[in-house]
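First up is the structure itself, then whatever we jot down about it.
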Amino acid sequence: MGSFEPRRKAPDEDEKTAKRKEDAEMRIIVCTKFIQGELNPFDASALECALELAETLKKTQTLEKTGTPGMSEDPETVGTATELFLLGMGPLTWMEPMRKLTRLGNSVQLRAVLLSDADFAGSDTLATSRILAAAVRKIEKEYGPADWIFCGRQTIDGDTAQVGPELAALLEIGLAANCLEFPSGIGKQTLRTRTGTEIVQAPAVLTLERIRELRFPSLRSRAGNVEVLSRAELGIPAEFCGTAGSPTRVLQTFTAERGRRKCRWIQLEELLPLLETLRDQPARLGRQISGSRAAEMDGGTGSERRESTELANDAESGSANGVPGPKLSKVFVVGHEVESAAREIAEEVIFVEKTDPHTIAEAVRDADVVLWNADLWGRKTAPQTAALLGTGLCADCTELETDGETLFFYRPARSGDVLAKIVCRTRPQMGTVRTADADSGDLILAGGRGIAGNWETLKKLAKKWNALPAASRALVDSDGVPYEYQIGLTGRNVSPKIYVAVGISGAVQHMCAIESADVILAVNPDRNARIFEFADYGIEAHAEDFWNFAEK
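The numbering of the sequence shown is this note's numbering, which starts it at 185 and goes up by one.
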């Protein structure tokens, strides 16, 4: 595909730009996306964080210059401590929702920039990151260097969480991912993230979790203008954006059928005796994530079903009836977590040490296939490496398939409604692969949207049962449950002996993370809920009734 990577360098300064630099103490760019007319909730959180940071700096400046605490509604009365840019890439129909968002910046300088061009259609994460990087460079040339670039951790439709890390790599600036707090200024910052604490220095990209709710505009606020920039104005060749510039391609989407089980309906009164029986059963062999078939449970405690496996469907990869299918000659793996998955599709596995993106990029530059573990480190480092190499990356793969030359990736798509088959048209072909937590425990008690408001009740019951508490993404998003409890495509993969799901609907993005469980027991008031198609046992009941029986 050639090479076109916008790099961050000192922009040319004219007198006008120099004056703007002098007037502003900080510049923040917030990357946004609209989904069915609504702002992506992770981006909404990022925007609110940026507004709060801008207002904090404005209040500090006001106090220093006037000796009076507070903040004027007019950004011109004291000067502008922070310039805030709202950056979006999409169709012209985004102009109106972006214009409405400018009302939120009445006390700070908030400019909206929409990147819109027919050539942008069909852009994957790398093509999108290239376009955004070019826009950042144009903004910096006009207004001065950006200090922070805020992004939502991911979008709720794609769920890849790749654009932020790829943008940081293309701009050659720092990155802090999965942030649970935002900076207090420009200097060196110590931020709390989902992996612990991280020290970051501006300029940097921050990908933020849903730690804030976006405010409403004030009654006195006024909407601003939206600047529209085309591909030509950004200076991007057509072959580096849109479908033409996207190294990954979706070949097929289809309803996910893998992992279906034959559900046996039971009554609430049967729950506790059944759990006792199941806990006494030996763990099923092959529970750990791998590409091999797992043995069926016996003794009547498991249902007759298609065997569950996390990776590499034998029939799809050409190994039906015990006849091995074609394999790739070699596969590079970063770390050891995805070794078993790699050995299912490759004759030789080459290990690469976990280190920084630049070092890894040099180590795998001539590889045909590179696999990563889809943990938080992999989701942060793999996109940066892919951007440095100018290659595609498929995120959170649940199945792998090969014809001996090309690797095909399968992952849930469209918020988990379907399964997509994806190919990477560039080399190396790269993907992050879902693997199960080694310590999943014997029993996990998980809640979904159906137990909203009862997370503490679930935790108490889990403690009583000596079980691990867990939550679906819907419950995490709606009830503020800590992310470390989340099970699913954007959370953890688990493989317990028993998985009890209460009030969980059964979306693909959740089920793909639990299908290695020995036994799945679902509780839901809707007998037609999708989760029952993937459960061994089903109880048709409301969460309140479940609590009453389970706590006995």
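Note that beta-carbon positions come from the ideal geometry of N, C-alpha and C, so glycine has one too.
None of these values were measured; they are calculated from a predicted model.
In DSSP terms, what CYS737 is bridged to:
Residue 737 is absent from the structure shown; the chain starts at 185 and stops at 736.
So for GLU724, helix, strand or coil by DSSP?
Of the three classes helix, strand and coil, the one that applies to GLU724 here is strand, per DSSP.
Presumed contact (8 Å Cβ cut-off) between ALA361 and THR377, rounded CB distance
Confirmed, Cβ separation roughly 7 Å.
Within 10 angstroms of its Cβ, does GLY429 collect 16 or more other Cβ (buried), or is it exposed?
Using a 10 angstroms sphere on the CB of GLY429, the tally of other CB atoms reaches 16 or more, which defines it as buried.
Can you tell me the Cα-Cα spacing of ARG618 and SER656, whole angstroms?
Between ARG618 and SER656, the C-alpha separation is close to 17 Å.
Drop a sphere of 10 angstroms on the beta-carbon of ASN732, count the other beta-carbons inside from all chains shown, and report buried for 16 or more, exposed for fewer.
With fewer than 16 Cβ atoms within 10 Å of its Cβ, ASN732 is classed as exposed.
Using DSSP with H/G/I as helix, E/B as strand and the rest coil, what is THR432?
If DSSP states are grouped into helix, strand and coil, THR432 belongs with the strands.
Per DSSP, which one or two residues make a beta bridge with PHE592?
Assignment of beta-bridge partners to PHE592 by DSSP yields GLU585, VAL607.
Report the three-state DSSP secondary structure of SER662 (helix, strand or coil).
It is helical.
Could you check whether the Cβ of LEU398 sits closer than 8 Å to any Cβ belonging to chain B?
The structure shown contains no chain B; it is built from a single protein chain.
Going by the beta-carbon positions, is the gap between LEU512 and LEU591 smaller than 8 Å?
Yes, the pair counts as a contact, with Cβ atoms nearer than the cut-off.
Opening and closing residue of the alpha helix (DSSP H) in which TYR327 lies:
Counting along the chain, the alpha helix (DSSP H) containing TYR327 begins and ends at 309-327.
Alpha-carbon to alpha-carbon, SER291 and LYS243
When the Cα atoms are used, LYS243 and SER291 turn out to be separated by approximately 10 Å.
What is the C-beta distance between ILE671 and ALA654, in whole angstroms, given that I count them as a contact (C-beta under 8 Å)?
Rounded to whole angstroms, the Cβ separation of ILE671 and ALA654 is 5 Å, and the two are in contact under 8 Å.
In whole angstroms, what is the alpha-carbon distance linking CYS581 and ALA302?
Whole-angstrom Cα-Cα distance: 30 Å.
So, CYS447 versus ALA701, is the Cβ gap smaller than 8 Å?
Taking 8 Å as the Cβ cut-off, CYS447 and ALA701 do not qualify as a contacting pair.
Identity of the residues DSSP links to PHE733 by a beta bridge:
Answer is none; PHE733 lacks a bridge partner.
Output yes or no for whether 8 Å exceeds the beta carbon distance between ILE688 and GLY634.
Yes; because the gap between Cβ atoms is below 8 Å, this pair is in contact.
So, with DSSP's three-state summary, where would you put PHE718?
Three-state DSSP puts PHE718 in a helix.
When the Cα atoms are used, what is the spatial distance from LEU235 to LEU268?
Each residue's alpha carbon lies about 8 Å from the other.
N- and C-terminal bounds of the alpha helix (DSSP H) containing ILE688
For ILE688, no alpha helix (DSSP H) run applies, since DSSP gives it neither H nor E.
Spatial neighbours of SER662 in its chain, beta-carbon cut-off 8 Å, leaving aside the 5 residues before and after
Spatial neighbours of SER662 in its own chain (CB-CB distance under 8 Å, excluding positions within 5 residues in sequence) are listed in chain order as ARG633, ALA636.
Ordered along the chain, which non-local residues of its own chain (more than five positions away) have a Cβ less than 8 Å from that of GLU411?
In its chain, beyond the 5 residues on either side, ARG295, ALA296, VAL297, LEU298 have a beta carbon closer than 8 Å to the beta carbon of GLU411.
Take ALA725 and list the residues in its own chain whose beta-carbon comes closer than 7 Å to its own, dropping the five residues that flank it on each side.
Result list for ALA725: LEU452, VAL707, PRO709, in chain order.
Looking only at DSSP bridge pairs, what is TRP449 linked to?
Paired residue(s): GLY722.
Output the distance between the C-alpha atoms of ASP331 and ILE370, rounded to the nearest integer angstrom.
The alpha-carbon of ASP331 is positioned some 7 Å away from that of ILE370.
Below 8 Å between beta carbons: does that hold for ALA526 and CYS425?
Taking 8 Å as the Cβ cut-off, ALA526 and CYS425 do not qualify as a contacting pair.
One question on the structure: do ARG445 and ILE704 come within less than 8 Å of each other, judged by their Cβ atoms?
Taking 8 Å as the cut-off, the Cβ atoms of ARG445 and ILE704 count as close.
Is it the case that the Cβ atoms of ASN557 and GLY588 are separated by a distance below 8 Å?
It is not a contact, given that the beta carbons lie outside the stated cut-off.
Quick one, are the C-beta atoms of LEU271 and SER300 less than 8 Å apart?
Cβ distance not < 8 Å, so LEU271 and SER300 don't count as in contact.
Nearest residue (CA-CA) to PHE218, options GLU209, MET210, GLY274, THR240:
Residue GLY274 holds the alpha-carbon nearest to the alpha-carbon of PHE218 among GLU209, MET210, GLY274, THR240.
Please report the Cβ distance between ALA630 and TYR683, rounded to the nearest whole angstrom; I am assuming they are in contact, meaning their Cβ atoms lie under 8 Å.
With 8 Å as the limit, ALA630 and TYR683 qualify as a contact, their Cβ atoms being about 7 Å apart.
Can you check the stretch 376-443 for any beta strand (DSSP E) of at least 3 residues that lies completely inside it and give the ranges in chain order?
Runs of the beta strand (DSSP E) inside the stretch 376-443: 380-384, 388-392, 410-413, 432-438.
Helix, strand or coil, according to DSSP, for VAL548 in the structure here?
Residue state for VAL548 is assigned as helix, using DSSP reduced to three classes.
Nonlocal neighbours in the same chain, by C-beta distance under 7 Å from SER313, ignoring five residues either side
Within the same chain, SER313 has close Cβ partners VAL347, GLU350, LEU351, LEU354, ALA571.
List the endpoints of the continuous alpha helix (DSSP H) containing TRP278.
Neither: TRP278 is in no alpha helix (DSSP H) and is coded neither H nor E.
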